[in-house]
Amino acid sequence: MAKNKSSHGTEAKVLRELGINEAYQLGMYLVDQYRGTCLSCRYTIPTRLASVESQVQLEEAVKVAVVDVITRHPMLQVGVKDAKSKTPPPSWIQLPSLDLTNHIHWRCLEEHDDFEQVVQNAFCASSPERLLRPAR
């Protein structure tokens with residue numbers, strides 16, 4: 001397969017061009033008809049990791065689990081190259097790396113904190129402004 005430079009200067013392997021349906025979905029996203037996706041998770045923490053002193057161990061355990069899932073599922077290891085281009089057409093590329101600090105953010109709440117409000121504030125703070133305004 002062909003290789004191209006990614007924005008980080010490492011080689012990105014081009015896997016294939018987007019199919020018709022994938023190109024349609026990308027087009028809808030680019031004209032603001034599809035919005036980004038936010039995911040919030042609430043877990044019961046195992047007792048052995050529930051103390052404040054175990055925060056680092058807890059974060060490491062979750063990171064290891066996420067890396068395991070990504071490693072097992074190749075579709076979680078790709079990105080789209082030339083998303084706004086007609087020539088060359090948009091293509092799936094193998095991501096050379098993935099920085100989980102861009103995707104996993106920890107918030108430690110006190111008992112009196114309003115979980116739903118904290119989640120709403122986090123979504124608003126992390127979403128591009130276009131996601132917060134009504135669709136056209």
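So the sequence shown is numbered by the UniProt record's numbering: it starts at 1 and just counts up by one.
Note that beta-carbon positions come from the ideal geometry of N, C-alpha and C, so glycine has one too.
Pull up the distance between the alpha-carbon of alanine 122 and that of alanine 12, whole angstroms please.
Taking the sequence shown and counting its residues from 1, one reaches residue 122 at position 122. Taking the sequence shown and counting its residues from 1, one reaches residue 12 at position 12. Cα to Cα, the separation comes out at about 32 Å.
Comparing alpha-carbon positions, which option in Val80, Asp32, Tyr34 lies nearest glycine 19?
To locate residue 19, count along the sequence shown from 1; it is residue 19. Considering only alpha carbons, the answer is Val80.
If we ignore side chains and look at the alpha-carbon of each, how far apart do alanine 61 and glutamine 77 end up?
Numbered from 1 along the sequence shown, position 61 holds the residue referred to as residue 61. Numbered from 1 along the sequence shown, position 77 holds the residue referred to as residue 77. In a straight line, the C-alpha of alanine 61 is about 20 Å away from that of glutamine 77.
Starting from the N-terminal side, write out each stretch of the alpha helix (DSSP H) that is 4 residues or longer and does not extend beyond the region 13-87.
20-30, 55-72
Tell me which residues share the same chain as lysine 84 and place their Cβ nearer than 7 Å to its Cβ, disregarding the 5 neighbours each side in the sequence.
Position 84 of the sequence shown, counting from 1, holds the residue named residue 84. Cβ within range, chain order: Leu30.
Contact check, residue 139 vs isoleucine 70, beta carbons under 8 Å
The structure shown does not extend to residue 139, since the chain spans only 1 to 136, so no value can be given for it.
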